[in-house]
Each structure stands twice: as C-alpha cells, then as structure tokens.
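For reference, the structure is listed below as structure tokens.
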Amino acid sequence: MPYSYDDENIFAKILRGDIPNKTVLDTDHTLAFEDIDPKAPVHVLVIPKGRYVSYDHFAAEASDTEIVDFNRAVAEICRMTGVDLGSGGAGFRAISNAGSDGVQEVPHYHLHILGGRPLGRMLARPPG
Ligand code: AMP
55 MPYSYDDENI
65 FAKILRGDIP
75 NKTVLDTDHT
85 LAFEDIDPKA
95 PVHVLVIPKG
105 RYVSYDHFAA
115 EASDTEIVDF
125 NRAVAEICRM
135 TGVDLGSGGA
145 GFRAISNAGS
155 DGVQEVPHYH
165 LHILGGRPLG
175 RMLARPPG
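Those letters in the sequence shown? Residues 55 to 182, by the numbering used here.
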C-alpha cells in the first residue's frame, strides 16, 4: 500500500505558516523547531519540508539532496544545542516514532533530538 500523507497534520500547518513555531534551524529542505511539550532541556523536532509520513517513507522516497540536507541539519542542531560529541557535549538521543506500534502522534516524519540531561534507558522490557 502506498504511503498516505494528511495535509492537515499539525506539522504541515507549521510548514505552511498557518501556526507558529519556535524555529531552531531552517534550510532549503528541512525545518527544526522546539517541541511544544519538551521532555528534556533540549527537545528539538527536525522535519523534512517534503510530504513524508515516517522515517521509512522519507528514507525510501526522498531525494539524495533532501536526505543530505536533513542529516546535515541534524548535525548542526546538535552543535547549536551543545549536545554533540564533536565539541565535548554529553550526547543526546534521536528518536523517530512511526505508526501505531511506534506511537506516532503527528503523521509527518520528524526526528526528536533529546538531550541536556541523562535520559535513562531507551525502553523498558515488558513485565514478565
Ligand atoms: P510523536 O509522538 O513522535 O508523533 O511526537 C509528536 C511531538 O510533536 C510531541 O512531542 C509533541 O509535543 C509535539 N508537538 C505537537 N504539536 C506541536 C507544535 N504545535 N509545536 C511543536 N511541537 C508540537
């Protein structure tokens, strides 16, 4: 089944300028902004400007130019927020939720960059 993109999702509205955001970085193909409900001192969302639902959609169908732009933006955001290892930062976690098992709330591909405190283990094992 082909990927199906909802143009009314909240990040599409941010990209159209219909609702505001706290921009961290804006490039030709990528926008990064602060999460409205931060889970850590650094919590930035990085999104492609193209209509991609999820990480797998982006990885499969985005152009090389978009993919390079996105990844370079991630590196720049890590540098800007001071979490990158290259300049002595304490590190970060990059998370992308996809679909129902991934508990994705907004159906426009986004990478969470979280840092600024110890984040604990990524997932807990289910009980039993
Ligand atoms: P996910 O569960 O991976 O889809 O995460 C969606 C994220 O988008 C959550 O961390 C929300 O806090 C965040 N979010 C929702 N609406 C906005 C908004 N208008 N501006 C910034 N972040 C938002």
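Idealized CB from N, CA, C, for every residue including glycine. Here the structure is a predicted model, which means the values were calculated and not measured.
Mind checking who Glu-102 pairs with in its DSSP beta bridge? This sequence places Pro at residue 102; Glu is not what is there. Looking at the DSSP assignment, Pro-102 forms a beta bridge with Thr-84.
Is Phe-87 near Lys-103, with beta carbons less than 7 Å apart? no
Would Val-100 pass as a contact of Tyr-57 if the rule is Cβ separation under 7 Å? no
Is Ile-167 buried or exposed, if buried means 16 or more other CB atoms sit within 10 Å of its CB? buried
For the alpha helix (DSSP H) that contains Arg-133, what are its first and last residues? 118–135
Through-space distance from Leu-165 to Phe-124, alpha-carbon basis: 10 Å
Would you tell me roughly how many angstroms separate the C-alpha atoms of Arg-70 and Gly-182, rounded to the nearest one? 47 Å
Say the cut is 6 Å; is the CB of Ile-131 nearer than that to a heavy atom of the ligand AMP? no
Which one of Pro-92, Asp-155 and Ile-64 has the shortest CA to CA distance from Arg-171? Pro-92
Using 10 angstroms around the beta-carbon of Gly-145, count the other beta-carbons present and answer buried if the total reaches 16, otherwise exposed. exposed
Taking 6 Å as the line, does the beta carbon of Asn-151 fall inside it for any heavy atom of the ligand AMP? yes
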